[in-house]
Amino acid sequence: MDNKLISLVLPCYNEEAVIKTTLDVLAEKMKEYQFDNYEIVLVDDGSKDKTLELITSYAEKDSKIKVVSFASNKGQQVAFYAGMCYCSGEGVILMDADLQDPPECIPEMYRLWQEEGYHVVYGKRAQRQGESFLKKWTASLFYRTLNFLSYTSLPEDVGEFRLMDRVIVDIVINIEEKNRFNRALVAYLGFKQTELLFERPERFAGETKFGWKEMIGLAKDGLFSFSYAPITIIQFLGVFALFLSGVLLIYTIMSRFTGHYSEGWSSLMIVITFFGGAMLFALGIIGEYIARIHTEVVKRPLFITAKTVNLQNHKLPEYMAQFIGKNNQNLK
Ligand code: UDP
Ligand code: MG
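136 is the number of the first residue of the sequence shown in the numbering used here; add one for each residue after it.
Structure below.
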């Protein structure tokens with residue numbers, strides 16, 4: 136089929152157990168669907184196992200496979216960002232390296248994009264197999280809470296699996312934001328977006344890299360980068376505290392005159408510790424925003440490319456290109 140160039144972007148972090156199968160399945164499926172015009176951009180996110188060797192050997196045999204390798208681990212969000220910077224497709228599909236984002240969705244995503252004119256087709260998880268009740272419940276709570284608090288409306292049960300038109304990708308890669316939360320950023324951009332329901336299978340090998348720490352990090356990026364609700368909440372708490380202390384003041388003065396006066400050491404301690412805690416909590420929330428302002432201001436690069444394969448002449452967005460000098464590519 137004479138299709139438009141599609142880029143499949145896959146972040147890989149310690150994926151030696153799955154990457155071979157994934158690449159074989161993808162090649163097979165693309166052939167089956169008669170998509171000849173495609174590339175696979177694999178972003179090695181500073182893996183410590185044999186992932187880089189494996190994908191490099193694949194890329195050396197097949198020029199459709201391109202490799203970007205980070206100098207250190209930067210997380211899935213940044214890996215997707217780098218993949219978007221290095222891909223050339225008219226349509227760009229972000230998917231995990233473990234086949235949990237089924238390639239079977241690609242033809243329908245392509246159709247919705249080309250025939251119905253959608254700029255973004257995101258995969259919506261209809262079912263999650265093999266995940267614990269707790270993970271499903273926390274994920275559901277996360278999407279709903281974030282949507283409620285966020286100033287941009289975020290589709291629920293949607294991960295990064297999606298097809299995006301080049302128009303969207305070009306905007307996204309030129310946004311210099313450091314605390315990246317791609318799905319919210321894309322939702323924020325607008326244009327014509329639609330969903331495609333899919334059943335999320337289990338990871339067929341290897342382990343999840345998303346433990347509690349990573350999940351909390353992602354939730355914080357979503358919350359503090361796309362919502363001012365935490366600030367509003369502490370403002371309300373502040374007003375409430377002022378009101379409460381006013382009431383306490385009046386009560387204390389009145390009890391002085393009515394004679395019901397007690398030493399009140401313990402109640403005093405309760406009030407002091409309560410408001411001390413509330414104030415530290417509030418400062419912590421403000422601190423989150425300040426930390427984010429700090430990372431934006433220092434303008435460090437999001438990732439450093441240590442090596443590329445089949446991508447030597449690729450042009451990066453200006454802001455990332457400045458960090459990659461002539462001699463900085465293909466370090467051994
Ligand atoms: N990943 C990454 N960097 C990381 C963690 C994960 O590039 O620091 C990649 C990983 O290789 C996979 C995708 O992100 O392709 C999703 O990770 P995983 O399958 O562990 O997450 P889950 O599906 O359990 O949410
Ligand atoms: Mg997975």
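Glycine included, each C-beta is placed from N, C-alpha and C at the ideal position.
Segments assigned alpha helix (DSSP H), at least 4 residues, entirely inside the stretch 217-257: Secondary structure in the stretch 217-257: the alpha helix (DSSP H) runs of 4 residues or longer, each lying completely within the stretch, are 241-249 in chain order.
Name all residues in chain order for which at least one heavy atom of ligand 2 lies closer than 6 Å to the residue's CB. The chain-ordered list of residues whose CB is nearer than 6 Å to some heavy atom of ligand 2 reads Asp-231, Asp-233, Gln-235, Arg-338 and Thr-343.
Is any heavy atom in ligand 1 found nearer than 6 Å to the beta carbon of Asp-356? Taking 6 Å as the cut-off, the C-beta of Asp-356 does not count as close to any heavy atom of ligand 1.
Taking just the CA atoms, how far does Pro-452 sit from Glu-195? Their backbone Cα atoms lie some 25 Å apart in a straight line.
What whole-angstrom Cβ distance do Arg-297 and Tyr-253 have, given they're in contact under 8 Å? The distance from the Cβ of Arg-297 to that of Tyr-253 is about 10 Å, inconsistent with a contact at the 8 Å cut-off.
If I'm right that Val-176 touches Tyr-221 with Cβ under 8 Å, what's the distance once you round it to whole angstroms? Taking C-beta atoms under 8 Å as the contact rule, Val-176 and Tyr-221 qualify, at a distance of about 6 Å.
Could you tell me which whole alpha helix (DSSP H) segments of length 4 or greater appear in the stretch 274-358? Within the stretch 274-358, the runs of alpha helix (DSSP H) that reach at least 4 residues and sit entirely inside it are, in chain order, 301-309 and 317-324.
For Asp-180, verify whether its CB is less than 6 Å away from any heavy atom of ligand 1. Shortest gap from the CB of Asp-180 to any heavy atom of ligand 1: under 6 Å.
Counting C-beta neighbours from all protein chains within 10 Å, is the total for Phe-283 16 or more, i.e. buried, or is it exposed? With fewer than 16 other CB atoms across the displayed protein chains lying within 10 angstroms of its CB, Phe-283 is exposed.
Quick check on the DSSP output: the alpha helix (DSSP H) that includes Ser-390 runs from which residue to which? Boundaries of the alpha helix (DSSP H) harbouring Ser-390: 364-393, taken from the DSSP string.
Sorry if obvious, but does the Cβ on Gly-258 come closer than 6 Å to a heavy atom of ligand 1? False, no ligand heavy atom lies under 6 Å from that Cβ.
Quick one, which of Gly-352, Val-374, Arg-301 and Glu-312 has its alpha-carbon nearest Phe-277's? The shortest Cα separation from Phe-277 among Gly-352, Val-374, Arg-301 and Glu-312 belongs to Gly-352.
When you compare the CB positions of Leu-143 and Cys-240, do they come within less than 7 Å of one another, or not? It is not a contact, given that the beta carbons lie outside the stated cut-off.
Could you tell me if the beta carbon of Cys-147 falls within a distance shorter than 6 Å of some heavy atom in ligand 1? Answer for Cys-147: yes, Cβ within range of ligand 1.
Taking Cβ positions, are Asp-180 and Phe-205 nearer each other than 7 Å? The answer is yes: Cβ separation under 7 Å.
Measuring only from the beta carbon, is Ala-214 closer than 6 Å to any heavy atom that is part of ligand 1? Because some heavy atom of ligand 1 lies under 6 Å away, the Cβ of Ala-214 counts as near it: yes.
In this structure, does DSSP put Val-433 in helix, strand or coil? Reduced to three states, the DSSP call for Val-433 is helix.
May I ask whether a heavy atom of ligand 3 can be found less than 6 Å away from the beta carbon of Gln-249? Looking for ligand 3 in the displayed structure turns up nothing; the ligands present are ligand 1 and ligand 2.
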